[in-house]
Amino acid sequence: MYTKKKHWFNWHDLRWLRPGMRFKRWIILIVLGTWLGVTGLEVAIGPVFITPLWVQASRVWAQIAVWLDMASSTVSRSSGFLMILLGLATVAYAIRQLLRSVAEVLFKGNDSEFFDYYLTQMRLRRGPKVVAIGGGTGLSTLLRGLKEYTSNITAIVTVADNGGSSGRLREELGTLPPGDIRSCIVALADAEPLMKKLFQHRYGPEFSGLEGHSFGNIFIATMSEITGDFETAVRESSKVLAVRGRVLPSTLEDVTLVGHFTDGSTVEGEAQIPKVGKRISRVELRPGNVRPPEEAIRALQEADLIVLGPGSLYTSVIPNILVAEIRRAVMLAKCPVVYVCNIMTQPGETDGYTVSDHLKALADHLGKGVVDYVVANVSELPSEVLAKYEGENAKPVVLDQEAVEAMGVKVLTGHFATIAEHVRHSPLELAGFLLNLIQ
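According to this note's numbering, the sequence shown holds residues 6 to 444 in order.
Shown next as structure tokens:
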């Protein structure tokens with residue numbers, strides 16, 4: 006099979022030197038300024054050990070400067086220093102104008118916005134490598150905070166959802182459920198607010214056939230059909246929203262979550278498990294021998310921090326670690342593994358659970374001694390908020406610290422609760438607290 010030979014130089018690489026780009030003039034000026042500065046060094050202090058090309062060029066100009074000066078070596082030396090200053094000033098001016106040319110295109114000439122963006126991106130790129138595992142609202146809350154500290158984020162998200170818009174698309178189109186993926190992409194997005202609203206927009210009854218679907222779900226499902234690959238669809242959708250980090254499904258295979266209850270009964274489907282109203286003993290994936298994306302395993306191996314949760318314990322967090330290779334990578338991780346416990350219990354899933362109950366459930370599916378830290382909220386909630394949640398059969402998760410420490414897990418507490426329509430973790434408070442563990 007013939008393959009095109011790759012050359013070290015490609016004329017196509019010079020397309021940025023085309024007329025009208027406003028780059029060439031400043032690049033030429035940078036070269037001339039550098040030349041002037043080196044020539045000044047030759048005049049002021051004598052031969053400089055530099056590349057042969059610069060030696061020849063600078064010494065010719067240095068000799069000309071000396072001939073023109075002729076008065077004395079002192080005058081010659083002062084001329085050299087003047088040339089150095091002029092060279093530096095020329096280079097600085099050219100670089101400034103070159104950056105302005107870029108800012109004019111990308112930021113409509115707003116220099117300060119350009120430099121702020123550049124500095125922010127450099128700071129985020131130097132941030133720690135964090136892998137967050139979960140799904141749904143809980144994980145997206147954490148991601149919104151993490152993206153303010155680092156862009157080296159990998160979100161590993163469950164694809165076992167079979168309810169709502171995701172379930173319908175899964176059944177009708179045969180695609181993997183995009184709902185949790187969409188929420189995490191939007192959470193990590195660096196795009197304009199309007200684009201975020203567009204991806205989260207949910208169609209009403211006036212849109213026949215689309216009612217209940219979100220635009221983002223349909224977009225990802227359509228992209229999956231176009232590319233023929235769900236992983237590529239997620240990657241391209243992430244580019245549309247300029248995501249800081251990356252979002253990966255825990256597996257690219259069609260899986261069903263099965264719930265097993267303490268009375269011996271079972272039920273299939275992530276959406277059906279909480280509806281049964283019985284105490285859950287364990288969950289499993291069918292089929293059970295599914296593979297994760299290679300990028301997910303590599304991210305876990307290179308991580309500085311692995312975070313499990315927050316989110317629905319049995320239907321968002323645990324399904325990811327049921328993928329054998331992901332479970333093994335978390336168990337063998339050399340970095341801290343942290344579980345962020347939910348603030349409130351979840352009806353039909355974690356009724357009456359304490360913090361240690363959450364950890365026991367994790368240990369049953371992940372293995373003992375894997376989780377190093379648990380993060381628990383100790384904020385007092387207003388009575389009206391508690392009353393509202395009691396009407397939904399939900400209560401604050403109780404921190405039984407002695408039981409947790411007896412399991413060999415370190416307890417980390419803080420005031421993370423923020424109240425809007427629901428009680429959630431404060432994204433910035435939680436993310437900053439977690440990153441302090443490794444900084």
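Where a beta carbon is used, it is the ideal one built from N, C-alpha and C, also for glycine.
On a predicted model such as this, the values are computed, not experimentally measured, just so you know.
For K152, no alpha helix (DSSP H) segment is defined, and its DSSP state is neither H nor E. In terms of Cα proximity to T418, the closest of A411, Q406 and I50 is Q406. Contact annotation, E258 with R296: C-beta distance approximately 7 Å; criterion of less than 8 Å satisfied. Annotated three-state conformation of E389 is helix, per DSSP. Annotation note: the stretch 88-147 contains the following uninterrupted alpha helix (DSSP H) runs of length 4 or greater, listed N- to C-terminal: 116-130. Of all C-beta pairs linking the stretch 312-323 to the stretch 342-362, three or more are shorter than 8 Å, placing the two stretches in contact. Taking 8 Å as the upper bound for CB-CB distance, N325 and I138 are in contact here, some 5 Å apart. Taking a 10 Å sphere around the C-beta of H206, we find fewer than 16 other C-beta atoms and assign the residue as exposed.
Rounded to whole angstroms, V414 and V379 show a C-alpha spacing of 7 Å.
For H363, the enclosing alpha helix (DSSP H) has its first and last residue at V360 to L371. Using a C-beta cut-off of 8 Å, the stretch 238-246 makes contact with the stretch 213-228, since at least three inter-stretch Cβ pairs fall below that distance. Under the three-state reduction of DSSP, E307 is assigned to helix.
Counting C-beta atoms within 10 angstroms of its own C-beta, I50 has fewer than 16 neighbours from the protein chains shown and is therefore classed as exposed.
In the three-state reduction of the DSSP assignment, L318 falls in the helix class. Residue pairing for Y344: DSSP places it in a beta bridge opposite L313 and V379.
DSSP places M349 in the strand class (E or B) of the three-state scheme.
In this chain, the alpha helix (DSSP H) harbouring L199 covers P198 to Q205. Taken through DSSP and simplified to helix, strand or coil, S219 comes out as strand. Beyond the five residues adjoining it in sequence on each side, A422 comes within less than 8 Å, by CB distance, of I348, N382, S384, L386, V428, R429, H430 and S431 in the same chain, given in chain order.
Comparing C-alpha distances from L367 to each of E434, E395 and M336 shows the shortest one belongs to M336.
Taking 8 Å as the upper bound for CB-CB distance, G140 and T163 are in contact here, some 4 Å apart. Secondary structure of T418 (DSSP, three-state): strand. The C-beta distance from D195 to V248 rounds to 7 Å, short enough to meet the 8 Å contact threshold. For S286, the enclosing beta strand (DSSP E) begins and ends at I285 to R291. DSSP places V164 in the coil class of the three-state scheme, outside both helix and strand.
Annotation: the continuous beta strand (DSSP E) that includes T271 extends over T271 to E273.
Here V96 is near G38, since their CB atoms are less than 7 Å apart. Annotation for F266: no alpha helix (DSSP H) segment contains it, though the beta strand (DSSP E) segment containing it runs T261 to F266. The stretch 356-366 makes no contact with the stretch 149-164: fewer than 3 CB pairs, one atom from each, lie closer than 8 Å. Closest by C-alpha distance to K393, out of L364, A425, E410 and L404, is A425. Note on geometry: alpha-carbon atoms of V403 and D121 lie some 43 Å from one another. According to the DSSP assignment, R429 belongs to the beta strand (DSSP E) that extends over V428 to H430. The beta carbons of V263 and E273 sit closer together than 7 Å.
At a Cβ-Cβ threshold of 7 Å, G250 and L318 do not count as neighbours. DSSP places R30 within a helical segment (H, G or I) once states are collapsed to three. Non-local beta-carbon contacts of L215 in its own chain, meaning distances under 7 Å to residues more than five positions away in sequence, involve Y208 in chain order.
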